[in-house]
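There are 2 protein chains.
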Amino acid sequence: MSSQSAKLSKGEETRALILEAAVQHAGVHGFEALTIGVLAEQAGLSKSGLFAHFGSKEELQIATLDEAVRRYNEVAFIPALKAPRGLRRLSMVFDNWLQWLERSGLKACPMIAANTEFDDRPGPMRDAVVQHMQRLNQEIIRGVQIAIDTGEFARDADPEQFAFELFGIISSCYRSRYLFSDPAASARARKAFDRLTASSLARPERESITRRTPK
Amino acid sequence: MSSQSAKLSKGEETRALILEAAVQHAGVHGFEALTIGVLAEQAGLSKSGLFAHFGSKEELQIATLDEAVRRYNEVAFIPALKAPRGLRRLSMVFDNWLQWLERSGLKACPMIAANTEFDDRPGPMRDAVVQHMQRLNQEIIRGVQIAIDTGEFARDADPEQFAFELFGIISSCYRSRYLFSDPAASARARKAFDRLTASSLARPERESITRRTPK
DNA sequence: ACATAAATAGAACGGTTGTTCTATTATTTA
DNA sequence: TAAATAATAGAACAACCGTTCTATTTATGT
Numbered sequence: 001m002s003s004q005s006a007k008l009s010k011g012e013e014t015r016a017l018i019l020e021a022a023v024q025h026a027g028v029h030g031f032e033a034l035t036i037g038v039l040a041e042q043a044g045l046s047k048s049g050l051f052a053h054f055g056s057k058e059e060l061q062i063a064t065l066d067e068a069v070r071r072y073n074e075v076a077f078i079p080a081l082k083a084p085r086g087l088r089r090l091s092m093v094f095d096n097w098l099q100w101l102e103r104s105g106l107k108a109c110p111m112i113a114a115n116t117e118f119d120d121r122p123g124p125m126r127d128a129v130v131q132h133m134q135r136l137n138q139e140i141i142r143g144v145q146i147a148i149d150t151g152e153f154a155r156d157a158d159p160e161q162f163a164f165e166l167f168g169i170i171s172s173c174y175r176s177r178y179l180f181s182d183p184a185a186s187a188r189a190r191k192a193f194d195r196l197t198a199s200s201l202a203r204p205e206r207e208s209i210t211r212r213t214p215k
Numbered sequence: 216m217s218s219q220s221a222k223l224s225k226g227e228e229t230r231a232l233i234l235e236a237a238v239q240h241a242g243v244h245g246f247e248a249l250t251i252g253v254l255a256e257q258a259g260l261s262k263s264g265l266f267a268h269f270g271s272k273e274e275l276q277i278a279t280l281d282e283a284v285r286r287y288n289e290v291a292f293i294p295a296l297k298a299p300r301g302l303r304r305l306s307m308v309f310d311n312w313l314q315w316l317e318r319s320g321l322k323a324c325p326m327i328a329a330n331t332e333f334d335d336r337p338g339p340m341r342d343a344v345v346q347h348m349q350r351l352n353q354e355i356i357r358g359v360q361i362a363i364d365t366g367e368f369a370r371d372a373d374p375e376q377f378a379f380e381l382f383g384i385i386s387s388c389y390r391s392r393y394l395f396s397d398p399a400a401s402a403r404a405r406k407a408f409d410r411l412t413a414s415s416l417a418r419p420e421r422e423s424i425t426r427r428t429p430k
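Here the protein sequences line up with chains A and B, keeping their order.
Numbering-wise, our numbering puts 104 at position 104 of the first sequence, and it's gapless, one number per residue.
To convert, count from 1 in the second sequence and add 215; that's our numbering.
As structure tokens, this is what we get:
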């Protein structure tokens, strides 16, 4: 089940090795702390040797973000597409999202780090973050639209609002986990997600669910 | 209506001036980028002159975070306490939270920056962040509990779950605003908040609200 | 195997980092 | 106003930053 390219040139090989360390480091210490020297030592290279692979620190940062997103898609998003269209797929996208750090062996999420680090600092790095996040947002919106099409969600459900709230749940889950060290974080996120989907369900189903604890 | 101390010593005065610049800088560029040199230049001081006020970079970071939290309480949280107990107060806490950056003239939120920057990096700075955020979380929980006591919220409403989701809405609002530049961000946050409170309302009210668009 | 190209090392660059000194001013207190 | 104290400046420190060179080693295509 090895997914990609058959043969890596020496350059591509070490580049991948560098990005492995870089993704890990960026998540924990941020993209600005992604220094050439530290990274070179961590990868067993000289500063100039590592530098030659990217040409500038900024390009290294962008390459690291790209790699993080690539991994997210590989271990979380794409696998969720094998779930049947509609609510179940949406639910799997959500579950995989919550688990993607453990799946890829990361201690912290580089995407979230990049998000807050560059959301108010114009430049190529910010542009890259915006592009990636917009795309992810669009995927969620599309997933909701599909759930409307299957008839599971109400026709007047609001995909953009759904995506907005979904991002919020993920954010809060990360804070609960890594800042508050709350073991119930994932359960709370699940509960929030269920409440979110319940409010989007087509009417007959929705009533039956909101009333399931009538007393 | 000038709230605090009558007279500032020269030291306290420049310290406040430094922290003004520091809070602004930390929000945009992060707490690690809170360098002595840049900050000294920005405040019109020598490096060593500024340094003497804090003793270490770490203490400067902590002082900056403390100042940011103090301001948040001053312009957002405390003013919301004059709203009547219960849902209306909770609603005002939420509104003021969404507006506190403009109210204090900040371009980015230092608390959120600190949150993602130190959530996975042990040390005194992380401890300070955790403490502040736990306290804020506790205030929200207490606000929900009050709304239960007034009878507005159902007796089985879950204050911790409410706080969890509230944090998520705020987070998502910031991303929508500053990363996506979405002018509808605040409106979406409001809508999410209304949906959140609706699901916590005492039964009679809740039914009347969830059914307000029966068709 | 050999020529060509790619990958890496090492030294050096000016600049900045946090921090520690010693002086020298300002400010407060008596 | 004089003495004591606090606030600030300036120079120096080793350590690191990103980047640019020139060599030298290693991998690649024929």
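For glycine and all other residues, C-beta sits at the position ideal for the given N, C-alpha and C.
Exercise. Going by C-alpha distance, which of B:262, B:384, B:244 is nearest residue 325 of chain B?
Worked result: B:244
- For residue 429 of chain B, does the count of other Cβ atoms within 10 angstroms reach 16, so buried, or fall short, so exposed? Residue confidence is low: residue 429 of chain B scores 40 on pLDDT, short of 50, so the model does not pin down where it sits. Its coordinate-derived value is still stated next. Counting C-beta atoms within 10 angstroms of its own C-beta, residue 429 of chain B has fewer than 16 neighbours from the protein chains shown and is therefore classed as exposed.
### Message
Output needed in chain order: residues of the segment 300 to 326 of chain B with a Cβ under 7 Å from some Cβ in chain A.
### Response
322, 323
Look at the alpha carbon of residue 313 of chain B and the alpha carbon of residue 7 of chain A, and state the distance between them as a whole number of angstroms.
-> 52 Å
Review point. Can you name the residues of chain B whose CB is closer than 7 Å to the CB of residue 188 of chain A?
Key: Against chain B, the beta carbon of residue 188 of chain A has neighbours under 7 Å at 376, 379, listed in chain order.
Practice item. Using a Cβ cut-off of 9 Å (strictly closer), state whether residue 117 of chain A contacts chain B. Key: Chain B, which has a Cβ nearer than 9 Å to the Cβ of residue 117 of chain A, makes this yes.
Check your understanding: Quick one: is residue 394 of chain B near chain A, going by C-beta distance under 9 Å?
Key -> yes
Of the residues A:152, A:91, A:51, A:85, the one placed nearest residue 204 of chain A, counting alpha carbons only:
A:152
State buried or exposed for residue 339 of chain B, treating a residue as buried only when at least 16 other CB atoms are found within 10 Å of its CB. Exposed, because fewer than 16 other Cβ atoms sit within 10 Å of the Cβ of residue 339 of chain B.
**Request:** Assign residue 409 of chain B to buried or exposed, taking buried as 16 or more other Cβ atoms, counted over all protein chains shown, within 10 Å of its Cβ.
**Result:** Around the C-beta of residue 409 of chain B, fewer than 16 other C-beta atoms lie within 10 Å, and the residue is accordingly described as exposed.
Problem - Per-residue burial, residue 396 of chain B [other beta carbons within 10 Å of its own, 16 or more giving buried] - result: exposed
> Can you tell me whether DSSP reads residue 201 of chain A as helix, strand or coil?
Replying inline: strand
Quiz item: Using a C-beta to C-beta distance shorter than 7 Å, which residues of chain B count as neighbours of residue 191 of chain A?
Solution: 376
Quiz item: So is residue 415 of chain B buried or exposed if we call it buried at 16+ other beta carbons inside 10 Å?
Solution: buried
For residue 364 of chain B, is the classification buried or exposed, using 16 other Cβ atoms within 10 angstroms of its Cβ as the cut-off for buried?
-> exposed
For this session: Kindly list the residues whose CB is nearer than 7 Å to the CB of residue 36 of chain A, restricted to its own chain and excluding five residues on each side of it in sequence; keep chain order.
Result: Shown here for residue 36 of chain A: same chain residues with a beta carbon closer than 7 Å to its own, the five before and five after excluded, namely 47, 50, 51, 57 in chain order.
Check: Excluding sequence positions up to five away, which residues of its chain have a Cβ less than 7 Å from the Cβ of residue 426 of chain B?
Finding: With a pLDDT of 45 at residue 426 of chain B, under the threshold of 50, the modelled position of that residue is not reliable, and the figure given next carries that caveat. Once the five neighbours on either side are set aside, residue 426 of chain B has no close Cβ partner at all.
- So, is the C-beta of residue 174 of chain A closer than 9 Å to a C-beta in chain B? Interface residue, yes.
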